[in-house]
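Have a look at the structure below before the remarks.
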Amino acid sequence: MTISINNQRRLEELNADFQGAFPYLKIEFFAGTHQRGGSSAKDARLDTSIKVQDCRTSGAEGKLAIREDMTVAELEQTFAREYGLAVQVFRKSGNHTWLETTASDFWTLNKQNQMGRELNAMDDEQVAKEEIDFD
1435 MTISINNQRR
1445 LEELNADFQG
1455 AFPYLKIEFF
1465 AGTHQRGGSS
1475 AKDARLDTSI
1485 KVQDCRTSGA
1495 EGKLAIREDM
1505 TVAELEQTFA
1515 REYGLAVQVF
1525 RKSGNHTWLE
1535 TTASDFWTLN
1545 KQNQMGRELN
1555 AMDDEQVAKE
1565 EIDFD
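Quick note on our numbering: the sequence shown kicks off at 1435 and runs consecutively.
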């Protein structure tokens, strides 16, 4: 899959493109990169309604090719190096929780997405058990 990155696109559009291929993952944008294996400061998270041009001072425009076998770390580094965007990948863990993938940045995007799918299915099963009516 590819994501078109240009100054007029909104951050939410980039994430929507990404989630089209990886529905159990999302990318969040931050003011500044995080250390390898570290997490991003919550208060540095950017509003996704802003345009790319409003959150970077350098970086190219173009098409970012994203492969299923790419690791989270590779994706985050490519966003920073090529496009001047600090991103962090989050994985869906249940119906309402998104977890930073900092401890598993070496996993591929496919593996992260599969784990999110499995965790979501387990959560759905638990909710279904709790909703059983015993009348």
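Every residue, glycine too, gets a C-beta built ideally from N, C-alpha and C.
Span separating the alpha-carbon of residue 1553 from that of residue 1449: 21 angstroms
CB of residue 1516 within 8 angstroms of CB of residue 1494, strictly: yes
Distance between residue 1548 and residue 1446 (C-alpha atoms, nearest Å): 23 angstroms
Contacts around residue 1483, its chain only, beta-carbon distance under 7 angstroms, and the 5 residues preceding and following it disregarded: 1444 and 1446
Host alpha helix (DSSP H) of residue 1447 (start-end): 1445-1455
Residue environment, residue 1539, which counts as buried when at least 16 other CB atoms sit within 10 Å: buried
For residue 1507, three-class secondary structure by DSSP: helix
Neighbourhood of residue 1442 by C-beta distance below 8 angstroms, restricted to the same chain and skipping five residues each side: 1485, 1486 and 1487
Every unbroken alpha helix (DSSP H) inside the stretch 1512-1549 [4 residues or more]: none
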